[in-house]
Each structure stands twice: as C-alpha cells, then as structure tokens.
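Chains A and B supply the protein sequences, listed in that same order. With the working numbering, the residue at position 96 of the first sequence is 927, and numbering never jumps. With the working numbering, the residue at position 34 of the second sequence is 865, and numbering never jumps. Structure first, then comments.
Number of protein chains: 2
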Amino acid sequence: MKILEERILKDGAVRPGNVLKVDCFLNHQMDISLFQEMGKEWKRLFEGVNINKILTIEASGIGIASIVSTYFGNVPVVFAKKSESLNVDGEVYRTKVESFTKKRVYDVFVSKKYLSPDDHILIIDDFLANGAALNGLIDLVTSAGATVEGIGIAIEKGFQPGGDLIRSKGVHLESLAIVDKLDAETGEIAFRH
Amino acid sequence: MKILEERILKDGAVRPGNVLKVDCFLNHQMDISLFQEMGKEWKRLFEGVNINKILTIEASGIGIASIVSTYFGNVPVVFAKKSESLNVDGEVYRTKVESFTKKRVYDVFVSKKYLSPDDHILIIDDFLANGAALNGLIDLVTSAGATVEGIGIAIEKGFQPGGDLIRSKGVHLESLAIVDKLDAETGEIAFRH
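This is how it looks when you write it as structure tokens:
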C-alpha cells in the first residue's frame, strides 16, 4: 500500500536488532486518517469475504481494528487480553505468546462468550514478525471452533518467518507493507513488491 | 446518555466489590456503533472547544478514543502505555497509577514527542472510579505544558470520589453515564440524572 510505505519511509526509524519504530503514526500516536485508508484497502482486498467479527490483541491492534470495523459494517471488535484481570470472570480461551519486542512469554486470552463456531473472523494487527502473536490469535479462534477468514497486518517484516509460516497454512494474509530489509546503520528500509 | 444507560442495564452485570462488568460491549468486545454514538455526543458536549489531540490509556480506552477522533476531525490519538517496551526509546513523561481492578501500581508514560505545550487535549477513557488513571493522564498533560480542554468518560462510578475530585479542579468532565449505585445481590444499577 503506497501511502503506508511512503509514511514508513518518511516517519519510520530503524533501530538495532531489526526494530522499526513507527510509534509516531501507528502504535503510540495513531494517525486515524491513515487507519481509514488502511480500512478501505483491507475492505477492497477482502471484498466478498463473509466477516462478522474482528479479532485483535491489546494494545497496538485495537485502534486499527476499531477503525477497520467501520469499513466492514461496524462488526464487533474483540481484543485478546494479555494478563488476567479481576474484570474477566468465567471461562476463557487461553494461549501463550512470546513477545519479540519485550523478550518474554505472556498469557493471551479471550472470554469464551466472544468467540463461537458461528464466527467468521478477520484478524487485525499492527506488526507481523515471527508470528508469535498471530499464531496465538489463530489458536484462540481455532479453539472456539470459529473460522479465520482473513488476516490484515499493517507492517510485515518479510525477513522474519511469520508471514511465510502463516501463508503456508493457506490462510488469506494481507500485509499492507512488507519490509524486506532494515539497516540500522544507514537507516535503509526496503519493501517487497 | 440514554442509549448507553439502556445498554448498561441490558448487558451490564454487577459483581461483588462494586465491579460493573460491561465487557460485552465496552472493554473486551467493543460495539463500534455505540462508540460512534458516544463520539457524536462528546462532539455535541464539547462543541466549540479547541481540541487538536486525544489522549487515552491502554488498553480499554484505545478503541473508544479512535472512533471519537473521527468526530473531531481525525485528530491524532495518543495512548499512554503501562509498561516499558524496547520500542519506546528517548525521553518520556512518566507517572504512577494505582489500578482499582488489578490492585497494583504501574508506571504510565507517553513519549515526549507526542505531547507539547501547543497541544489542546481531550482525554478519553472507559471508566472513572477513584480517578487514579485519569489523574495520571492529567499529570502527563501538565508535565508537557499542554492543556486539558476536556475529559470524556463512558461510565463514571458516582459513588467513588474520582469524578468529584476532577470537577473540583475546574476541569470540563463529561461522563456519558454516571452510576450512583451497584448492588451485586439484586443486580440493581441506578443512574444519576
């Protein structure tokens, strides 16, 4: 998606360890107009797909998923939570996710009330690298007997294995920008086309 | 706000310890159409107020704030983060918040890049009880020399001191539903009008 790539080139910053900082428009400060363009693009890419719910994971996915919902008939958005809270009682679907950026393993869960075999899910998230969070979300959907109809990712790190692993399962994955190279010394960012 | 109160009565559940569970439409599964009505209402309540940025806190505030932004000219939405991440470098404004539901103290921070003395901030959050999170957000805005132009809260627990404390500071606070009584035994929920 051209405007996302241009925005990454303009405002993104490369840090050692293959970190791409885009917190000025994607995952700390959020550009809602950009999210609307992303929503329109995913609507085009998933045109005709039966989607009745969007699933994402806290925290960075929530803003994107909420705006995207407005392009899919305002379907409910469920966000998977990362730690137990006193406000979530009852039964939950639960899985474990290893965080690339935070270097730790955490529990991820969704209340069983909000995923059912009738659900046709579009998963939305900001980043795809090793696929840990995404595989966790797929696991939650599968546990509920629901269907993953598609996955929309803002930025995929194409040099890490997550995207290929997910595509090899036959899942319809649409990453709006795929970064094939990050060079922290020169600041170079190269996209796949 | 009538439709929010009706929704709380229909789908909310009272739990011991003054807990109001609204996770089926507000803070786990999110009703985007309801958030749009809330956005319209806050736009009406803050009509004419100069707002160039929305500030919220992860995770439950993010979806609401993102939709609300679309009624305020798509102003940027910044969400305060609750724990240090490798993806946030550089200088941050930082404060401490005690969580009512999680019974612990955590650090809350915003990158200094995203709050400045030029900012006229609308703070958005899902709940106001003791005001701990909200006071933390106000503290961050004040630290940056920015101005809190208003605060929009979905559900205020009127029997807890947060709302009165904030109003006593002269801040323009608009809670869309104020709950004055929760009875876990009978399930009663009473609103202030």
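By construction, the Cβ of each residue, glycine as well, lies at the ideal position given by its N, Cα and C atoms. None of the values given here were measured: they were computed from a predicted structure.
Within the segment 873-906 of chain A, the residues whose Cβ lies closer than 7 Å to some Cβ of chain B are Glu889, Ala890, Ile893, Gly894, Ser897, Ile898, Ser900, Thr901, Asn905, listed in chain order.
A:Ile952 sits close to A:Ala977, with the two beta carbons spaced by under 8 Å.
The CB of A:Tyr945 comes closer than 9 Å to the CB of Asp854, Cys855, His859, Gln860 in chain B, given here in chain order. Here A:Leu1004 is actually not in contact with A:Leu886; their C-beta atoms are around 14 Å apart, not less than 8 Å. Annotated as distal: B:Val909 and B:Gly983, with beta-carbon spacing of 8 Å or more. Setting aside the 5 residues that flank it on each side, A:Ala985 is surrounded in the same chain by Leu835, Leu857, Met869, Ile895, Asp956, Asp957, Phe958, Ser1006, Leu1007, Ala1008, each with a C-beta closer than 8 Å to its C-beta; the list follows chain order.
Secondary structure of A:Met861 (DSSP, three-state): strand. When DSSP states are grouped into helix, strand and coil, B:Leu835 belongs to the helix group. The C-beta separation of B:Ser897 from A:Met861 comes to about 6 Å, placing the pair in contact by the 8 Å criterion. A:Arg998 and A:Lys927 have their C-alpha atoms spaced approximately 21 Å apart. Per DSSP, B:Leu946 lies in no beta strand (DSSP E) segment and is marked neither H nor E.
When secondary structure is reduced to three states using DSSP, A:Ala963 falls in the helix class.
B:Leu1013 places its beta carbon 8 Å or farther from that of B:Val853.
In the structure shown, B:Val1002 adopts coil according to DSSP, grouped into three states. Annotated three-state conformation of B:Arg925 is strand, per DSSP. Rounded to the nearest angstrom, the gap between the Cα atoms of A:Gln867 and B:Thr1017 is 43 Å. DSSP, read as helix, strand or coil, puts A:Ser942 in strand. Under the three-state reduction of DSSP output, B:Asp957 falls in the strand class. A:Arg1023 is not a Cβ neighbour of A:Gly993, given a cutoff of 8 Å. The straight-line gap separating the alpha-carbon atoms of B:Asp938 and B:Gly962 is approximately 15 Å.
Annotation for A:Val899: the continuous alpha helix (DSSP H) segment containing it runs 891-900.
Taking 8 Å as the CB threshold, A:Ser942 lines the interface with chain B.
Taking the Cβ atoms as the reference, B:Leu996 lies roughly 17 Å from B:Leu971, outside the contact range of under 8 Å.
Just measuring C-alpha positions, the residue of B:Arg838, B:Gly892, B:Lys841, B:Val923 sitting nearest B:Ala975 is B:Val923. Against B:Ile863, the close residues of chain A are Ser897, Ser900, Thr901, Asn905, Val906, Pro907, Val908, in the order they occur along the chain (beta-carbon pairs closer than 8 Å). By the C-beta density criterion, B:Val941 is buried, having at least 16 other C-beta atoms within 10 angstroms.
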